[in-house]
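S.K.:
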Amino acid sequence: MSDIGTILAIPGDGIGTEVVAEGLKVLEAVSKKFGFSFTLKEALAGGIAYDKTGTPLPQKTLDMAKESDAVLLGAVGGPKWEDLDYSVRPERALLGLRAELGLFANLRPAKVFPELADASTLKKEVVEGIDIMVLRELTGGIYFGEPKGITKLEDGTERGVNTLIYTTGEIERIARVAFETARKRGKKVTSVDKANVLECTELWRKVVIKVHKDYQDVELGHMYVDNCAMQLIRNPKQFDVILTTNLFGDILSDEAAMLTGSIGMLPSASVGGKCGMYEPVHGSAPDIAGQGKANPLATILSVAMMLRYSLNCLEAADAIETAVASVLKEGYRTPDIMDDKGQLTGTAKMGDLVVKALNQ
Ligand code: NAD
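Now the structure itself:
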């Protein structure tokens, strides 16, 4: 039996614990089916970590993550911790993990399962069959550039500044992730910038074109960000991999996600260093936490991404995605994706159904 490595589970707060339990259930089942083993560890982060240790990201958690091959995270945060100082807010744990693990690339797929095409606010014929991967640069750009801040001016008014910076090295490494990712999918990259106005993204375009020389089997196109925002609504099926900066990716990945219509279905991956981090896009959903209503499919699909991008178990990843599709095809639905023909299912039952479909 081959050993695929160490996986650190960080359930976090709210529905995080409920959905991670289902993700691990499916991981266990797929490991049996494909005959591999793994070491599973668990650590604290977020509000629960603050309550138990006084910090949302204990050093022990960070050390355990650095020694792992992949992290599966649920969600952090909730009303209980909203009044805390920013430095100890549960959400700081995410930023800390990303920075410390060197996760410079964020992968967010937006895929519409045929059975859920009606869940989108767009017309069925526009969204049916879309399969987009938004690749967002995660540790550079305007969110981190210096100088930044708000200063007082002599006339009593204020001046706010942020700085957009990218170096050749930062662009090169994210461009390589884009081309490598496209090779495993539809072999097409659309690089999104604002090169007509922002010099920094003129450099972005120049470097992406240079890196593309090493990936001539992948088609490369360029699009200005305003046009991309329109094209995602007008004709989303034209996209395979969208490669973009931190700020543009933040916005476009949410836009692309909403084409699918349901936040409970969306997985994500942050990669770059030795250990990748995989998590559903949604938060801790305090309004439904503890009620067994959360949709675990985003987390289960995050497990599939983890197997594909960090643990090199491509067949197992495909099998999980096929099992999810078949459960949806059979009509099972958690409340967030329920329709008139669906069979209402809770969190744990949905996990069991995916396991059953895997074993068929
Ligand atoms: P949220 O994603 O937690 O919830 C938004 C809405 O979507 C809610 O109505 C919720 O019930 C629903 N929802 C979310 N996930 C669902 C699922 N799996 N199944 C069914 N319904 C689901 O966003 P929010 O309410 O803005 O934030 C709640 C808390 O989560 C806040 O403390 C926020 O800071 C935190 N948060 C954490 C992360 C993260 O850990 N990555 C991301 C976003 C928000």
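Mapping the sequence shown onto my numbering, position 332 (from 1) lands on 373, and the numbers just tick up by one.
Where a beta carbon is used, it is the ideal one built from N, C-alpha and C, also for glycine.
(1) So, does the stretch 262–277 touch the stretch 210–226, judging by three or more C-beta pairs under 8 Å?
(2) Going by Cα to Cα distance, which pick from 228, 198, 178, 190 is closest to residue 208?
(3) Answer with buried or exposed for residue 268, where buried requires no fewer than 16 other C-beta atoms within 10 angstroms of its C-beta.
(4) Residue 200: buried (16+ other C-beta within 10 angstroms of its C-beta) or exposed?
(5) Using C-beta distances below 7 Å, list every residue in its chain close to residue 406, excluding the 5 sequence neighbours before and after it, in chain order.
(6) From which residue to which residue does the alpha helix (DSSP H) around residue 116 run?
(7) Just to confirm, are residue 322 and residue 339 a CB contact at a threshold of 8 Å?
(8) Should residue 17 be listed as close to the ligand NAD, given that the test is whether its C-beta is under 7 Å from any heavy atom?
(9) Using only the heavy atoms of the ligand NAD, determine whether one of them is closer than 7 Å to the beta carbon of residue 63.
(10) Apply the 10 Å Cβ neighbour rule to residue 191 and answer buried if 16 or more other Cβ atoms are within range, or exposed otherwise.
(11) Nearest to residue 160 by CA position, among 385, 371, 379, is which residue?
(12) In the DSSP assignment, what residue or residues form a beta bridge with residue 190?
(13) Is any non-hydrogen atom of the ligand NAD found closer than 7 Å to the C-beta of residue 104, if you look at the structure I gave you?
(14) In whole angstroms, give me the CA-to-CA distance for residue 81 and residue 278.
(15) One question on the structure: do residue 60 and residue 285 come within less than 8 Å of each other, judged by their Cβ atoms?
(16) Hey, how far is the Cα of residue 169 from the Cα of residue 369?
(17) Going by DSSP, which residues form a beta bridge with residue 363?
(18) Going by Cα to Cα distance, which pick from 359, 337, 332 is closest to residue 345?
(19) Just mark residue 166 as buried or exposed, buried being the case when its beta carbon has 16 or more other beta carbons within 10 Å.
(20) Who pairs with residue 172 in a beta bridge, going by DSSP?
(21) So does residue 341 have its beta carbon nearer than 7 Å to some heavy atom of the ligand NAD?
(22) Can you list, in chain order, the residues of its chain whose CB lies under 8 Å from that of residue 75, leaving out five sequence neighbours each side?
(23) Distance, Cα to Cα, residue 47 vs residue 111?
(24) Looking only at its chain, what residues have a beta carbon closer than 6 Å to the beta carbon of residue 122, apart from the 5 residues adjacent to it on each side?
(25) Am I right that residue 343 and residue 309 are in contact with their C-beta atoms under 8 Å? What's the rounded C-beta distance?
(26) Using a Cβ-Cβ cutoff of less than 6 Å, which residues in the same chain neighbour residue 392 once the five nearest sequence positions on both sides are dropped?
(27) How far does the beta strand (DSSP E) with residue 134 in it reach, from first residue to last?
(28) Just to confirm my understanding: we take residue 152, look at its own chain, exclude 5 residues before and 5 after, and list those with CB closer than 6 Å. What are they?
(29) If you measure from the CB of residue 108, is any heavy atom of the ligand NAD nearer than 7 Å?
(30) What do you reckon, is the C-beta of residue 268 under 7 Å from a heavy atom of the ligand NAD?
(31) Please name the residue in 70, 156, 145, 154 whose C-alpha comes closest to that of residue 211.
(32) From this set, 73, 51, 45, 52, which residue's C-alpha is nearest residue 400's C-alpha?
(33) Could you tell me which residues DSSP pairs with residue 264 in its beta bridges?
(34) Rounded to whole angstroms, what is the Cα-Cα separation between residue 230 and residue 174?
(35) I need the straight-line Cα distance from residue 349 to residue 384, nearest angstrom please.
M.R.: The relevant details are as follows:
(1) no
(2) 178
(3) exposed
(4) exposed
(5) Because the chain is modelled from 42 through 401, residue 406 falls outside the range shown and cannot be assessed.
(6) It is not in any alpha helix (DSSP H) - residue 116 instead sits in the beta strand (DSSP E) that spans 111–116.
(7) yes
(8) The structure shown does not extend to residue 17, since the chain is modelled only from 42 to 401, so the question has no answer here.
(9) no
(10) exposed
(11) 379
(12) 202
(13) no
(14) 38 Å
(15) no
(16) 15 Å
(17) DSSP lists no partner for residue 363.
(18) 359
(19) exposed
(20) 152
(21) no
(22) 354, 356, 357, 360
(23) 7 Å
(24) 88, 131
(25) 7 Å
(26) 63, 66, 337
(27) Not the beta strand (DSSP E): residue 134 falls in the alpha helix (DSSP H), residues 133–141.
(28) 172
(29) no
(30) no
(31) 145
(32) 73
(33) 233
(34) 10 Å
(35) 30 Å
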